[in-house]
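Novice: Chains as they are written, first to last, in our numbering: chain A, 2 to 249; chain B, 2 to 249.
Just so it is clear, CB atoms sit at the ideal spot from N, CA and C, and this is done for glycine as well.
Structure in structure tokens, see below.
Protein chains: 2
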Amino acid sequence: MPVNAANAVDKRRSLLHETRCQNCSLSSLCLPLALELEDMEQFDAIIRRRAPLKKGEALFRQGSAFNSVFAVRSGSLKQITTEGSGDDQVTNFYLPSELVGLDGIDEKTYPGSVIALETTTVCEIPFDRLDALSEQLPELRGQLYRSMSKELRDDRRMMRLLSRKTADQRLASFFTSLSDRFRRRGYSPYSFRLSMSRADIGNYLGLAVETVSRILGRFQQQELVEVSGREVHILNLEALATQAQDEP
Amino acid sequence: MPVNAANAVDKRRSLLHETRCQNCSLSSLCLPLALELEDMEQFDAIIRRRAPLKKGEALFRQGSAFNSVFAVRSGSLKQITTEGSGDDQVTNFYLPSELVGLDGIDEKTYPGSVIALETTTVCEIPFDRLDALSEQLPELRGQLYRSMSKELRDDRRMMRLLSRKTADQRLASFFTSLSDRFRRRGYSPYSFRLSMSRADIGNYLGLAVETVSRILGRFQQQELVEVSGREVHILNLEALATQAQDEP
DNA sequence: CGGCCTGTTGAGGGGGGTCAAGCAAGGTGG
DNA sequence: CCACCTTGCTTGACCCCCCTCAACAGGCCG
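In structure tokens, the structure reads:
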């Protein structure tokens, strides 16, 4: 066996090893969170590995056939839905361990495109096999129900934000929410890099890009955050959280 | 046996008969939609009957323990979430056959209160038993996944409405959506009665009551609808649907 | 009849959108 | 290596949509 072929096998084996749920650092947050080791192996067996997505590449497009849900392994993505002529709406950002595509189950097509914001790896989980396995594994089924329920809950929070909060409160909410999500994933809640553009943020929060920019400037004056490009340092998380509440 | 006792038995029997899924006129829309007759009996067996709610009564309150989901049988309800001091947000309206409470699964408490808008009857479905039954009945499980998925999809539509649409478009969307929901339930899509107040509508759509009132007036001038109190006649559904799209 | 609640209508002001210009960073080709 | 362009972000000026405040009308019930 030639040397490079042996290397290729090693590499594949190592990749396979890395991408097993049992060894995944996210397993305490991800879908198989509640599974015993033995059950996790069953779950692991139905997962399809995917080549990493490059920045800007689509995991899937709006309207394409729904077959799988995806768990984010590393990187991040945005969901955008298009209606009518070219008017996009960013409806979600996805971070590692989060499930993408649950809103496609009902009509068997994805209701929005999902685009990588940076180099991103995902685990593909064919939904029919997930459903079948959820019959045998009550913990898996429960976790799936909980994931969808959580997303519903988050959506309600987002609706409140969009219909009642001022631009300042929206951005404060955005930062505190991101901070919290990073914290849960073991990253610093105070220093992180935004993988999305100002345009994405504005679109997501229902604000013009210019407004996002202006308020970011104001937050810096108030020494709530320090922002340089996409690099964010939160200086006063508590004050931000206060801002984020919706009192006038 | 005294006459009135016999009557009571009859009445109870009749009530029981009425409230069985097999005889429910909504069964083609509701959760057991995909079930065979035999399976439906199993499903029917776990449902708890409830006394009708009067207008203004709560099905449950925000923060109370989650144990059941509910299927609306007749009437309608609103979901409201309270945050901070007295600032309510209407996050949903529920019509017959729709499922209430799915967003409580995750954290084992209901994230909002659900209030009857009129005299309303619901079927209570204890979630642990529903979950257990969904293990045996793949169709039931599938329908539950689909229901949650549909709600996610609807939420995304709502977010788009709240972040991109003008007040006119929001109200046009609201009416076309209601019209469509009535149509699917076998009611007239052109004539119906709003069970919610202007304040509820405004709150739900992220608008002030005054704005709702003004735009309703404008819609009448344009002969799109005829509104008298809570009685609505849609005169030009197509034009309303056009309005509802989000082109400037 | 007189409160109370819901809904309508008018006047005024502000938050944030739109339009426009400028600037820094990064890529590309000469 | 530099001129050029593109992309993303910031800042300023203006103005419009919708919120706020206020008064009022109608329906319901005591």
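In chain order, what residues of the same chain lie with their CB nearer than 6 Å to the CB of Y205 (chain A), ignoring the 5 residues before and after it?
Specialist: Result list for Y205 (chain A): V91, in chain order.
Novice: If you draw a straight line from the alpha carbon of E224 (chain B) to that of V233 (chain B), how long is it in whole angstroms?
Specialist: 12 Å
Novice: Using CA atoms only, rank isn't needed, just tell me which of A:T20, A:C31, A:N24 is closest to R185 (chain A).
Specialist: A:C31
Novice: Note down, one range per segment and in chain order, each alpha helix (DSSP H) of at least 4 residues found wholly within the segment 151-190 of chain B.
Specialist: 168-185, all fully within the segment 151-190 of chain B.
Novice: For E83 (chain B), list the residues DSSP reports as bridge partners.
Specialist: The sequence given here places Thr at residue 83 (chain B); Glu does not occur at that position. The partner list for T83 (chain B) (beta bridge, DSSP) reads B:D89.
Novice: Decide if the segment 124-140 of chain B is in contact with the segment 134-151 of chain A; the criterion is three or more beta carbon pairs, one per stretch, under 8 Å apart.
Specialist: yes
Novice: Could you check what DSSP says for C31 (chain B) in three-state terms: helix, strand or coil?
Specialist: coil
Novice: Could you check whether the segment 32-43 of chain B touches the segment 57-65 of chain B, counting it as contact only if at least three pairs of C-beta atoms, one from each stretch, sit closer than 8 Å?
Specialist: no
Novice: Just to confirm, are R157 (chain A) and D107 (chain B) a CB contact at a threshold of 8 Å?
Specialist: no
Novice: What is the DSSP secondary structure of I216 (chain B), reduced to helix, strand or coil?
Specialist: helix
Novice: Suppose you measure from the CA of R57 (chain A) to the CA of T120 (chain A); what does that come to, to the nearest Å?
Specialist: In the sequence on display, residue 57 (chain A) carries Gly and not Arg. Going by the C-alpha atoms only, they are around 9 Å apart.
Novice: Along chain B, which residues have their Cβ under 7 Å away from the Cβ of I250 (chain A)?
Specialist: Any property of residue 250 (chain A) remains undetermined from this structure, which presents chain A solely from 2 to 249.
Novice: Just the Cα atoms here: how many angstroms apart are E125 (chain B) and M160 (chain A)?
Specialist: 27 Å
Novice: Under a three-way DSSP split, which group does L60 (chain B) fall into?
Specialist: strand
Novice: Short of 7 Å in beta carbon distance, which residues of its chain neighbour A245 (chain A), apart from the five on each side in sequence? Order them along the chain.
Specialist: Q170, A173, S174, T177
Novice: Is I47 (chain B) helix, strand or coil when you go by DSSP?
Specialist: In the structure shown, the three-state DSSP call for I47 (chain B) is helix.
Novice: Note down, in chain order, all residues in the segment 86-104 of chain A with a beta-carbon under 7 Å from any beta-carbon belonging to chain B.
Specialist: S86, D88, Q90, T92, L103, D104
Novice: Using Cβ-Cβ distances below 8 Å, what residues of the segment 153-177 of chain A are close to chain B?
Specialist: Taking a C-beta cut-off of 8 Å against chain B, the contacting residues of the segment 153-177 of chain A are L153, R154, D156, R157, M159, M160, R161, L163, S164, R165, listed in chain order.
Novice: Assign T82 (chain B) to buried or exposed, taking buried as 16 or more other Cβ atoms, counted over all protein chains shown, within 10 Å of its Cβ.
Specialist: Buried, because 16 or more other Cβ atoms sit within 10 Å of the Cβ of T82 (chain B).
Novice: Tell me, please, whether the CB atom of A242 (chain A) is closer than 8 Å to any CB atom in chain B?
Specialist: no
Novice: Looking at chain A, which residues of the segment 194-211 of chain B have a Cβ within less than 9 Å of any of its Cβ atoms?
Specialist: Listed by position, the residues of the segment 194-211 of chain B near chain A (Cβ gap below 9 Å) are N204, Y205, L206, G207, L208.
Novice: Rounded to whole angstroms, what is the Cα-Cα separation between V228 (chain A) and R182 (chain A)?
Specialist: 19 Å
Novice: So I235 (chain A) packs on V226 (chain A), CB below 8 Å; how close in whole Å?
Specialist: The beta-carbon distance between I235 (chain A) and V226 (chain A), rounded to whole angstroms, is 5 Å. This is short enough to meet the 8 Å contact definition.
Novice: For D45 (chain A), would you say it is in contact with chain B, using Cβ-to-Cβ distances shorter than 8 Å as the test?
Specialist: no
Novice: Which class does T243 (chain B) belong to by DSSP, given the choice of helix, strand or coil?
Specialist: helix
Novice: For E239 (chain A) and R165 (chain A), I'd like the C-alpha separation in whole angstroms.
Specialist: 21 Å
Novice: Rounded to a whole number of angstroms, what is the C-alpha to C-alpha distance between D201 (chain A) and S148 (chain B)?
Specialist: 29 Å
Novice: Near R14 (chain A), which residues of its chain fall below 6 Å by C-beta distance, leaving aside the five closest residues on each side in sequence?
Specialist: Low local confidence applies: a pLDDT of 46 at R14 (chain A) is under 50, so the model's placement there is unreliable, and no value is given.
Novice: Using the beta-carbon count (16 or more within 10 Å), is E211 (chain B) buried or exposed?
Specialist: exposed
Novice: Nearest by alpha-carbon distance to D89 (chain A): which of A:L179, A:P112, A:S77 is it?
Specialist: A:P112
Novice: Any idea what DSSP makes of A117 (chain A), helix, strand or coil?
Specialist: strand
Novice: Please work out which residues of its chain come closer than 6 Å, Cβ to Cβ, to E152 (chain B), disregarding the five sequence neighbours upstream and downstream, and give them in chain order.
Specialist: Cβ neighbours of E152 (chain B) beyond the five flanking positions: none.
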